[in-house]
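Taking it in order: structure first as structure tokens, then the write-up.
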Amino acid sequence: MNTISKLLKPTSIAVIGASNKPFRAGEVVMNNLLKGGFQGAIMPVTPKYKAVCGVLAYPTIEQLPITPDIAVLCTNASRNVEIFKQLAQKKVSAAIILSSDMHVIDDNKETIEQQCLAIAKESGIRVLGANSLGIILPWLNLNASFSPVSAAKGNIAFVSQSAAVCTTILDWANDKDIGFSAFISIGNGSDIDVAELLDHLCTDSKTAAILLYIDSIKDARQFMSAARAASRNRRILVLKGGRTHAGRRAAKHHTGGSDTLDIIYDSAIRRTGMLRVKNTHELFAAVETLTHAVPLRGERLGIITNGGGPSIMAVDTLLEQGGKLAELSDKTIATLDKVLPSAWSKHNPIDMIGDADKNRYVRSVNALLDSDDVDALLIMHSPSAIAHSVETAQAIIDCVKAHPRHKRFNILTNWSGEKTAREARLLFTQAGIPTYRTPESAVVAYMHLVEYRRNQKQLIETPTNSEQINIKNKQQAHDWIEAKLVTLSENLVPKPETNLDPVDVGPNSLLLDTHEITPLLSNYKFTVLDTWIAQEPSEAVHIADKIGYPVAVKLRSPDIAHKSDVHGVVLNLRNPSEVQNAAQSILDGVQLNYPSANIHGLLVQAMASRIGAYELRVKVKTDTTFGPVIMLGEGGSEWDESIDAAVGILPLNMALARYLIIRAIKGHTIRPQKTSNLDIDLLCDFLVRLSQMVIDNPQIHELDIHPLLVGYHSLTILDADLTLKPFSGDPHRRLAIRPYPVELEELITLKSGEEVKLRPILPEDESAHASFINNVSKEDLYKRFFTDVGEFNHEALANLTQIDFNREIAFVAVTSAGEILGVSRALINPDNTDAEFAILIRSDLKGCGLGRILMTRIIDFCKNKGTKQMSGMTMPTNRGMLTLAQKLGFELDVQFEDGTADMLLILN
1 MNTISKLLKP
11 TSIAVIGASN
21 KPFRAGEVVM
31 NNLLKGGFQG
41 AIMPVTPKYK
51 AVCGVLAYPT
61 IEQLPITPDI
71 AVLCTNASRN
81 VEIFKQLAQK
91 KVSAAIILSS
101 DMHVIDDNKE
111 TIEQQCLAIA
121 KESGIRVLGA
131 NSLGIILPWL
141 NLNASFSPVS
151 AAKGNIAFVS
161 QSAAVCTTIL
171 DWANDKDIGF
181 SAFISIGNGS
191 DIDVAELLDH
201 LCTDSKTAAI
211 LLYIDSIKDA
221 RQFMSAARAA
231 SRNRRILVLK
241 GGRTHAGRRA
251 AKHHTGGSDT
261 LDIIYDSAIR
271 RTGMLRVKNT
281 HELFAAVETL
291 THAVPLRGER
301 LGIITNGGGP
311 SIMAVDTLLE
321 QGGKLAELSD
331 KTIATLDKVL
341 PSAWSKHNPI
351 DMIGDADKNR
361 YVRSVNALLD
371 SDDVDALLIM
381 HSPSAIAHSV
391 ETAQAIIDCV
401 KAHPRHKRFN
411 ILTNWSGEKT
421 AREARLLFTQ
431 AGIPTYRTPE
441 SAVVAYMHLV
451 EYRRNQKQLI
461 ETPTNSEQIN
471 IKNKQQAHDW
481 IEAKLVTLSE
491 NLVPKPETNL
501 DPVDVGPNSL
511 LLDTHEITPL
521 LSNYKFTVLD
531 TWIAQEPSEA
541 VHIADKIGYP
551 VAVKLRSPDI
561 AHKSDVHGVV
571 LNLRNPSEVQ
581 NAAQSILDGV
591 QLNYPSANIH
601 GLLVQAMASR
611 IGAYELRVKV
621 KTDTTFGPVI
631 MLGEGGSEWD
641 ESIDAAVGIL
651 PLNMALARYL
661 IIRAIKGHTI
671 RPQKTSNLDI
681 DLLCDFLVRL
691 SQMVIDNPQI
701 HELDIHPLLV
711 GYHSLTILDA
721 DLTLKPFSGD
731 PHRRLAIRPY
741 PVELEELITL
751 KSGEEVKLRP
761 ILPEDESAHA
771 SFINNVSKED
781 LYKRFFTDVG
791 EFNHEALANL
801 TQIDFNREIA
811 FVAVTSAGEI
821 LGVSRALINP
831 DNTDAEFAIL
841 IRSDLKGCGL
851 GRILMTRIID
861 FCKNKGTKQM
871 SGMTMPTNRG
881 MLTLAQKLGF
891 ELDVQFEDGT
901 ADMLLILN
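Those letters in the sequence shown? Residues 1 to 908, by full-length UniProt numbering.
Here's what the structure looks like:
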């Protein structure tokens with residue numbers, strides 16, 4: 001398919017089904033196009049009228065005088081298959097489908113939408129919709145939509161799966177004088193979706209921020225890649241519908257998405273560096289905040305107020321949402337003592353007392369802007385006879401604008417009230433200072449800045465190394481799983497007299513319990529509490545005598561998910577009599593209450609020491625959209641994974657694992673009052689190894705560890721259930737984020753005889769990459785970057801080392817000591833049509849053959865990926881690079897006047 005450039009920069013539009021009847025889609029779209037002032041050709045297509053809205057109409061698509069860039073289909077779905085055939089013959093580039101009934105199945109036993117998409121794919125037509133409201137591009141004066149209101153010019157792009165949300169946002173934005181660079185309703189997103197639009201909008205010069213409304217995502221890999229790339233360049237806010245089960249069901253009917261838990265979407269949004277808001281009110285507030293915000297230096301909020309009560313509400317909201325209240329230094333307090341009454345609060349919030357006038361406000365604001373105690377400032381005002389609302393607002397605006405350091409701070413205001421405060425809030429809005437009606441909404445808006453900063457920080461944080469699992473253990477784990485799945489393929493049935501064989505829990509799946517999966521877990525260095533199986537109470541007593549008291553006895557049944565629900569777990573049994581009675585009680589209770597349940601005996605375990613330890617539940621769940629994820633919480637019989645867990649998208653490294661744990665603590669899925677003995681570093685390492693085990697073994701469909709006993713220096717799995725399913729194909733395709741391609745690692749020998757490792761780059765390579773750049777001459781750096789290069793900061797190094805293996809590759813040659821000798825890169829565009837390459841070798845290592853090896857590896861990578869071509873640019877004076885490129889088959893185009901040399905290699 002072609003790109004969507006003609007959809008976003010059209011020069012001509014045809015309106016199929018144009019009409020003169022008021023309120024018909026064809027009439028509304030025509031009127032919007034004409035009122036918008038679009039300078040391109042507007043061509044109504046209808047056999048009913050000679051002209052529509054005063055514009056000459058054409059009876060058929062075939063009779064159009066030129067081929068339109070866009071066709072807007074305002075027709076009933078039943079006509080659309082035939083219309084798409086005509087559009088294909090006319091070679092139209094893009095179509096916008098307004099129809100909402102494209103899901104109807106006709107005589108061909110296919111939906112109308114499927115038939116239209118098949119025609120579009122074959123002929124290269126890009127499709128927006130179905131069920132789209134259309135598209136508005138204010139900078140082109142284009143309103144090709146069914147919207148009752150248009151959009152003003154601005155620097156925010158809005159992309160929505162819901163037409164109703166579109167009109168709501170437009171109405172609000174017009175009231176607030178907020179404009180847009182693009183306003184796009186994707187409807188069902190059956191072809192053009194959120195990911196592709198993010199790729200285009202994040203490079204649009206008119207777009208500074210992007211707003212998304214999504215119900216569901218269909219291709220998680222493309223979404224995550226596009227969002228991670230876009231959020232490095234643009235601020236992106238996400239409003240996600242379907243937080244509840246009923247909401248997810250409604251979203252499935254709306255856009256055809258899957259029943260993915262909302263907490264998984266939440267984790268995905270954080271992982272990509274975007275900011276999620278909970279509702280349209282928060283979205284509006286976040287837009288107002290982020291539109292005028294500067295990057296936060298830190299998270300300390302200072303509050304100035306003329307009323308104690310409102311500031312208390314602000315502080316409560318701040319701390320409830322995990323914010324940080326700034327502490328005032330002695331120097332700042334001394335400064336404020338000079339300008340405020342002696343009765344002022346002496347701490348933050350700064351309560352200036354109810355008789356504060358505008359001058360007191362100005363002096364207090366200046367005192368904080370002069371200090372380094374705060375990173376952001378919230379100025380609050382309650383209706384006052386002393387501090388006139390409008391005059392005080394203007395005084396603060398003048399004060400802030402005049403202060404030489406005001407651009408270092410984020411300034412927010414809360415002007416409470418309605419009639420007396422409305423004009424003041426308008427002044428702040430016009431001055432570019434975010435303003436809010438209530439203390440709570442002001443703080444929530446501030447926390448959007450904080451959350452955005454945290455997500456962006458997470459996007460570029462350098463992880464530390466975790467212990468690696470060796471190849472031998474990985475192979476043993478793989479062989480163990482394959483051996484278990486042989487029993488499934490042979491349809492083995494458990495023997496009724498022993499009940500010890502693996503249990504087939506349904507079509508193509510196998511359920512194994514703690515006793516059975518210990519060999520797999522041991523290969524990944526997980527500690528599992530020793531477990532024995534008993535078939536009857538007397539055998540349980542015999543086992544308990546051998547392992548020593550106290551012991552625990554647990555029910556073993558594939559039909560009962562939570563043993564504690566049926567009193568199937570008895571702990572701290574101290575003698576044979578207690579074991580005998582507990583075992584018999586468990587079996588009798590299940591037989592009485594669940595007579596149809598399969599009983600596979602009893603599990604007997606030594607009691608693990610719980611003194612100072614912490615019991616967690618860790619679950620690997622395979623989601624239909626995002627693939628395997630790790631869920632972390634406290635567990636228990638009432639555990640609801642949709643609300644009682646924090647989620648990590650695979651793959652995890654140490655930094656991401658730490659964020660997952662901190663998020664679980666802050667979200668109270670791990671209660672913070674009990675975390676004093678929680679060894680976070682040890683738990684991080686556990687989660688990283690768990691992530692690696694799931695990535696290495698795609699047959700792992702679900703793993704439920706309940707509980708994981710976390711001591712100060714130990715982690716022990718007490719109970720675990722594993723579900724295996726056969727898997728074929730690329731094991732990495734099921735992951736939302738392409739993991740590190742370990743299969744591309746190899747050892748190579750240079751001409752000098754030195755053996756080095758050639759491998760993809762890792763985030764942990766940041767410091768080594770910085771040292772490598774320091775060993776490259778200024779001349780070579782200039783040839784690589786086309787500019788004088790100074791010292792690379794953390795963000796620049798993170799962009800070079802934390803790459804998306806779905807879209808780019810970087811190979812490094814590394815010595816046994818960890819030194820980087822050379823790097824080759826290929827950045828592949830989203831269409832996979834072109835890979836822009838670059839190569840850099842340490843200046844003292846030229847001529848050792850490393851450059852050719854590194855170039856060959858990225859060529860092979862792109863060729864295997866199906867990329868159509870590789871392209872690069874260097875200087876005519878870089879003879880070494882040009883000679884190498886020519887030897888490898890590149891076409892050269894040297895432009896001495898421009899000082900550039902282009903290199904092109906056709907791959908596929």
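Backbone N, C-alpha and C fix where the C-beta goes; we use that ideal spot for every residue, glycine too.
Residue range of the alpha helix (DSSP H) that includes residue i
i	result
D316	308-320
Q39	Here Q39 belongs to no alpha helix (DSSP H), and DSSP marks it neither H nor E.
M102	Per DSSP, M102 belongs to no alpha helix (DSSP H) and is neither H nor E.
A817	It is not in any alpha helix (DSSP H) - A817 carries neither H nor E in the DSSP assignment.
I333	330-339
N572	Element bounds for N572: not the alpha helix (DSSP H) but the beta strand (DSSP E), 569-573.
V194	194-201
Rounded separation between residue i and residue j - CA only
i	j	result
I236	I643	25 Å
L7	K85	19 Å
R842	M654	30 Å
Q605	E743	40 Å
P434	A376	12 Å
K863	N832	11 Å
D171	S267	31 Å
L907	I859	8 Å
H600	L555	8 Å
S225	V159	17 Å
L797	Q456	15 Å
E791	H769	12 Å
Secondary structure of residue i, DSSP reduced to three states
i	result
Q699	coil
R408	helix
Q605	strand
V55	strand
T421	Reading off the sequence, residue 421 comes out as Ala, not Thr. It is helical.
Y436	strand
K50	coil
F727	coil
F23	coil
W172	helix
W415	strand
S78	helix
E746	strand
Residue i burial status per 10 Å Cβ neighbour count (16 or more: buried)
i	result
H347	exposed
A95	buried
S342	exposed
P502	At P502 the pLDDT is 43, less than 50, meaning the model places this residue with poor confidence; the figure from the coordinates comes in the next sentence. Under this definition P502 is a buried residue.
P148	exposed
H701	buried
E703	In the sequence on display, residue 703 carries Leu and not Glu. Buried, because 16 or more other Cβ atoms sit within 10 Å of the Cβ of L703.
I13	buried
K525	exposed
R408	exposed
Beta strand (DSSP E) segment containing residue i, residue limits
i	result
I112	Run containing I112: none in the beta strand (DSSP E); it sits in the alpha helix (DSSP H), 112-123.
E288	Careful: E288 lies outside any beta strand (DSSP E), inside the alpha helix (DSSP H) at 280-292.
T305	300-305
A182	180-185
Within-8 Å CB hit, residue i to chain C
i	result
Q456	Among the protein chains of the structure shown there is no chain C, as only one such chain exists.
Exercise. In the segment 607-656, which residue ranges form an unbroken beta strand (DSSP E) of at least 3 residues, counting only runs that do not cross its ends?
Worked result: Listed in chain order, they are 614-623, 627-633, 646-649.
For this session: Scan the segment 203-244 and note each continuous beta strand (DSSP E) run of 3 residues or more that stays entirely inside, going in chain order.
Result: Qualifying beta strand (DSSP E) stretches, in chain order: 209-214, 235-240.
For this session: Any chance you could list the alpha helix (DSSP H) runs of at least 4 consecutive residues sitting entirely within the segment 497-560, in chain order?
Result: As far as the segment 497-560 is concerned, its whole alpha helix (DSSP H) runs of at least 4 residues are 514-523, 537-547.
For this session: Please go through the UniProt domain "N-acetyltransferase" (756-908) and give each complete beta strand (DSSP E) segment of 3 or more residues, from N-terminal end onward.
Result: Qualifying beta strand (DSSP E) stretches, in chain order: 808-814, 820-828, 834-841, 869-874, 891-895, 900-906.
Problem set entry | Those runs of the alpha helix (DSSP H) which lie wholly inside the segment 125-168 and span at least 4 residues | Annotation note: the segment 125-168 contains no uninterrupted alpha helix (DSSP H) run of length 4 or greater.
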